[in-house]
Every structure is written in C-alpha cells, then in structure tokens.
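Here's the structure, in structure tokens; my notes come after.
Residue numbers (this note's numbering): 29 to 175.
Listed below in structure tokens is the structure:
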C-alpha cells in the first residue's frame, strides 16, 4: 500500500546537478556576449572617428593649397567639426608649411603644406578604448613645377 502513495519526483541532488550544468553552459555564453559587445562598441567608435578624419582630409584636398591653410575657418569644416562634436569626437587641425630642399641657386623658396587632422573620442572608457587617430596629407603648391 505504501508504494501506491509514493510519488515520483526529483531528488535535491538531481536538481542541483541540473542547475550546475545550466550555469556552466550559460556563464561562458554571457561573458562571450559581453566581450563581443565591447568589441562592437570599440569598432563602431573607431569607424566613426575614421569617417570624420578622412572627411576632413578630403575637404582639405578639395579646397587646394591656398584655402587648405585656413581650413579651420572654412564653413564646411566647421560644420563637420560640429557634427563630430555632436557624435562625441574632438577634431584638431594643424597646418604646417615645410620647405622643399635642396633648391637650385637663385630659386624662390618652395613649401609643401602638411595637413594633420587629429580625432579624439571625448568619451574614452574601458569599453571604448579607441586610440587617438591622426590623418596626414601633403599638398603641393600648383604654381611650382617640382620636376
């Protein structure tokens, strides 16, 4: 008669073993998802910084030698800088005139314009640890023949 009243059930040990197996399967997946999300955020941040930097360099190339020296006053560059600022990036513009040497005797001094754009993420954290990106281009004065 006792066998009839006995119900089939799981023992506490069986339940604990199942919980341990589920935990052992879920925790690695969770950590994999976390590291994947960090990598996605890092890649997205780097892609956006690259977009702003290359856009600024292309704008300088489009403007040409004379106007690119004053890129920081250009309306399109200011708009690009504002957009970068709204997206969490700082853009820095550094023009440098580099003399061309050696020059033949009696020749007028010639200079190459070195444009340097630096893009920095304003929100640098452990998740978005993106390095400072630097973009450089050299423009020549079209009034001179370097050949």
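Idealized CB from N, CA, C, for every residue including glycine.
Of the residues the options, the one placed nearest residue i, counting alpha carbons only
| i | options | result |
| --- | --- | --- |
| residue 151 | 160, 62 and 144 | 160 |
| residue 88 | 117, 121 and 79 | 121 |
| residue 77 | 139, 44, 96 and 108 | 108 |
| residue 147 | 130, 83, 135 and 136 | 83 |
| residue 172 | 131, 68, 102 and 162 | 131 |
| residue 169 | 133, 68 and 125 | 125 |
| residue 112 | 128, 145, 53 and 133 | 145 |
Residue i, buried or exposed, once every other Cβ within 10 Å from all chains shown has been counted against 16
| i | result |
| --- | --- |
| residue 46 | exposed |
| residue 40 | exposed |
| residue 92 | exposed |
| residue 167 | buried |
| residue 117 | buried |
| residue 149 | buried |
Cα-Cα separation, residue i to residue j
| i | j | result |
| --- | --- | --- |
| residue 99 | residue 105 | 7 Å |
| residue 165 | residue 48 | 58 Å |
| residue 136 | residue 110 | 39 Å |
| residue 80 | residue 70 | 16 Å |
| residue 60 | residue 141 | 47 Å |
| residue 58 | residue 74 | 24 Å |
| residue 72 | residue 43 | 43 Å |
| residue 158 | residue 95 | 31 Å |
| residue 29 | residue 55 | Confidence in residue 29 is poor, its pLDDT being 49 and thus under 50, which makes the residue's placement unreliable; the coordinate value appears in the next sentence. Rounded to the nearest angstrom, the two C-alpha atoms are 46 Å apart. |
| residue 65 | residue 85 | 30 Å |
Residue i, DSSP secondary structure in three states
| i | result |
| --- | --- |
| residue 140 | strand |
| residue 167 | strand |
| residue 146 | strand |
| residue 29 | Model confidence at residue 29 stands at a pLDDT of 49, short of 50, so the residue's coordinates are unreliable and nothing is read from them. |
_Contained alpha helix (DSSP H) runs [length at least 4] in the region 94 to 126, N- to C-terminal order_ = The DSSP assignment places complete alpha helix (DSSP H) segments of no fewer than 4 residues inside the region 94 to 126 at 103 to 114, in order along the chain.
*Note down, one range per segment and in chain order, each alpha helix (DSSP H) of at least 4 residues found wholly within the region 32 to 98.*
The region 32 to 98 contains these whole alpha helix (DSSP H) runs: 40 to 91 and 93 to 96.
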